[in-house]
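Numbering (the numbering used here), first residue to last: 8 to 636.
Idealized CB from N, CA, C, for every residue including glycine.
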């Protein structure tokens with residue numbers, strides 16, 4: 008169960024992040040974001056003017072409907088065709104359904120489409136609407152458009168391979184009639200024409216594209232309403248200059264809002280009014296024809312669209328990067344900054360590529376980086392809480408903030424299965440005991456006695472912990488403090504820190520006793536033993552009760568020094584030092600100490616005698632300012 012919980016703790020956040028990514032993709036949220044960015048870039052990017060093309064639009068406006076009625080009589084279109092043909096247009100694309108005639112001159116219209124080589128008629132596959140009767144197959148075309156799920160027109164269905172002669176897109180047919188060149192379509196049929204074709208997961212699309220529908224690419228927009236434009240009435244009334252349409256491709260279609268041949272395009276989302284920023288179907292076709300003409304002339308930058316496998320590879324790379332950065336950057340704050348900055352860089356870089364007509368999915372790589380980085384943060388946070396709890400459980404509040412920080416930084420190295428591993432470390436042990444505790448306790452209530460002891464510990468404990476020492480345990484009326492654990496430190500510095508702590512404790516006890524005298528409480532006197540050597544340190548106990556243990560001869564020696572010759576005691580604090588501690592001291596510091604040599608002493612449990620000295624406090628140097636390790 009424990010291993011299962013540990014496994015869940017490690018992989019759970021990443022599984023959650025993966026679920027979030029799957030939902031972002033499957034619900035269409037990621038695609039919506041990608042398309043929104045695409046629309047924004049398309050709207051902001053400077054588009055060439057339609058006036059730079061050889062395309063002229065003849066629109067049926069609301070004023071034309073009011074004047075001629077609707078549907079418009081076939082005879083009027085015959086007049087319009089005759090004017091255009093007489094002025095030398097190279098192609099006429101008729102973007103109006105006329106599979107059924109209107110008015111008494113229906114045959115005129117059909118004759119024109121049968122005999123005039125510049126005329127192109129439309130049919131609609133989806134709606135089952137046929138072309139103008141009598142139009143030869145080589146001048147028929149479908150005008151079906153591909154709308155995205157959000158109702159926005161972004162794609163151009165350029166060509167459907169393997170179809171009969173009549174099944175050619177309106178734009179392709181108009182371009183072929185105008186140029187007399189069919190090589191582009193033939194290359195598409197042969198599969199030899201390379202272009203930025205859309206696939207199911209290409210660019211920012213997520214299974215939106217039906218690959219079986221035909222060859223599709225992103226529609227290249229000219230500046231909206233920039234094409235040379237005249238109304239049908241202007242053409243019939245002779246208000247269109249001959250030179251304006253000579254050698255032009257003319258597209259005729261409805262532009263009146265009431266006829267509802269209007270489409271939302273990327274510019275729609277960022278326009279001030281939907282009506283204004285919808286583009287007529289005939290202008291959509293003009294953009295399609297203009298793109299094919301650029302193809303024909305060799306002036307089109309086709310751009311590039313990342314295929315589905317490329318998008319997937321990028322997503323996996325970003326997920327791996329997010330995992331690595333979320334886990335391995337040294338500090339959590341730095342990790343957050345790095346992941347967020349890199350995510351912004353990825354999103355910005357991919358958006359810049361889109362500006363250059365290179366479309367790579369943006370949302371999923373960015374969210375992949377952020378989500379996996381966030382999963383790493385959550386995992387680190389959970390582990391951190393666990394380690395923090397473990398450290399507090401193992402050490403309590405007996406270490407300084409600096410040591411606690413060092414423990415935290417090295418937790419992965421020090422902790423194993425929630426415990427500090429056993430280690431042999433050089434330490435300096437400081438052992439204290441309160442003098443005449445038994446007699447003092449007889450004259451105080453339990454509450455008073457505990458308060459009295461705690462006042463003494465408030466002097467002793469800070470003196471130890473602020474110098475990097477650890478109060479390992481309280482021994483009734485005393486304490487066991489250790490310098491050099493749980494992290495190995497400089498032995499010389501730790502020995503000096505122990506002595507400086509003793510100096511501070513002595514000064515603190517003197518001040519405390521003044522306060523105790525005022526409170527009419529017994530004075531506090533303490534014995535202390537300090538010894539340096541090796542000790543076995545690590546976590547000891549069961550799952551129910553565990554503590555940080557310091558075991559070995561060093562602890563025993565410090566305890567024996569404290570209790571040595573109890574009657575030989577002057578002042579509030581007696582400090583006995585072993586020679587092993589004194590040998591570690593810097594000579595400059597040692598020479599400043601007032602030491603009284605006691606000689607060799609045999610302590611219980613040790614065969615070799617200890618060289619013992621008493622630290623006299625009356626003229627000892629002041630304790631140096633505590634430095635945190």
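Residue i (DSSP reduced to helix, strand or coil)
i	result
residue 639	Nothing about residue 639 can be reported from this structure: the residues present for the chain run from 8 to 636 only.
residue 342	helix
residue 61	coil
residue 335	helix
residue 115	helix
residue 433	strand
residue 440	strand
residue 538	strand
residue 120	helix
residue 56	coil
residue 285	coil
residue 623	strand
residue 23	helix
residue 480	strand
residue 371	helix
Residue i, enclosing alpha helix (DSSP H) - first and last residue
i	result
residue 461	453 to 472
residue 220	Neither: residue 220 is in no alpha helix (DSSP H) and is coded neither H nor E.
residue 130	Taken as a continuous stretch (DSSP letters only), residue 130 belongs to no alpha helix (DSSP H), being part of the beta strand (DSSP E) at 126 to 130.
residue 156	Looking at the DSSP string, residue 156 is not in any alpha helix (DSSP H), and its letter there is neither H nor E.
residue 266	First-last for residue 266: undefined, no H or E at that position.
residue 43	36 to 51
residue 508	498 to 525
Residue i classed as buried or exposed, judged by whether at least 16 other C-beta atoms fall within 10 angstroms
i	result
residue 366	buried
residue 185	buried
residue 574	exposed
residue 297	buried
residue 169	exposed
residue 5	With the chain running from 8 to 636 in the structure shown, residue 5 is simply not present.
residue 277	exposed
residue 348	exposed
residue 498	buried
residue 513	buried
residue 24	buried
residue 336	buried
residue 66	buried
residue 246	exposed
residue 188	exposed
residue 508	buried
Closest residue to residue i among the options (Cα-Cα distance)
i	options	result
residue 287	234, 305 and 332	234
residue 470	497, 515 and 160	515
residue 59	167, 256, 203 and 310	256
residue 318	328, 368, 614 and 357	368
residue 485	532, 591 and 510	532
residue 262	310, 71, 62 and 517	71
residue 623	615, 576 and 614	576
residue 80	239, 464 and 301	239
residue 374	387, 66, 300 and 329	329
residue 211	519, 466 and 32	32
residue 64	303, 545, 130 and 237	237
residue 620	607, 611 and 613	607
residue 164	178, 158 and 173	178
residue 603	585, 611, 171 and 616	585
residue 310	243, 221 and 204	204
Opening and closing residue of the beta strand (DSSP E) in which residue i lies
i	result
residue 607	601 to 608
residue 252	Residue 252 -> not in any beta strand (DSSP E); alpha helix (DSSP H) instead, spanning 249 to 252.
residue 260	256 to 261
residue 107	Counting along the chain, residue 107 falls outside any beta strand (DSSP E), and DSSP gives it neither H nor E.
residue 445	Run containing residue 445: none in the beta strand (DSSP E); it sits in the alpha helix (DSSP H), 444 to 449.
residue 185	Residue 185 -> not in any beta strand (DSSP E); alpha helix (DSSP H) instead, spanning 177 to 186.
residue 75	Not the beta strand (DSSP E): residue 75 falls in the alpha helix (DSSP H), residues 69 to 75.
residue 486	486 to 490
Short CB-CB distance (under 9 angstroms) between residue i and chain C
i	result
residue 487	The question asks about chain C, but that chain is absent: this structure has only one protein chain.
Closer than 8 angstroms: residue i CB and nearest the ligand GTP heavy atom
i	result
residue 516	For the ligand GTP, the structure offers nothing, since it holds no ligand at all.
Segment contact, 8 angstroms Cβ cut-off, at least three pairs: the segment 38 to 53 with the segment 357 to 370: yes
Inter-stretch contact (C-beta, 8 angstroms, three-pair minimum) for the segment 141 to 154 and the segment 111 to 125: yes
Given 8 angstroms, three or more beta-carbon pairs between the segment 482 to 501 and the segment 537 to 545: yes
Stretch pair the segment 82 to 101 + the segment 266 to 277: three plus CB contacts closer than 8 angstroms: no
Three or more C-beta pairs below 8 angstroms linking the segment 149 to 169 and the segment 105 to 118: no
At least three beta-carbon pairs within less than 8 angstroms, the segment 465 to 483 to the segment 426 to 445: yes
Segment contact flag, the segment 579 to 597 with the segment 460 to 467, C-beta cutoff 8 angstroms, min 3 pairs: no
Cβ pair count under 8 angstroms reaching 3, the segment 518 to 530 against the segment 581 to 595: no
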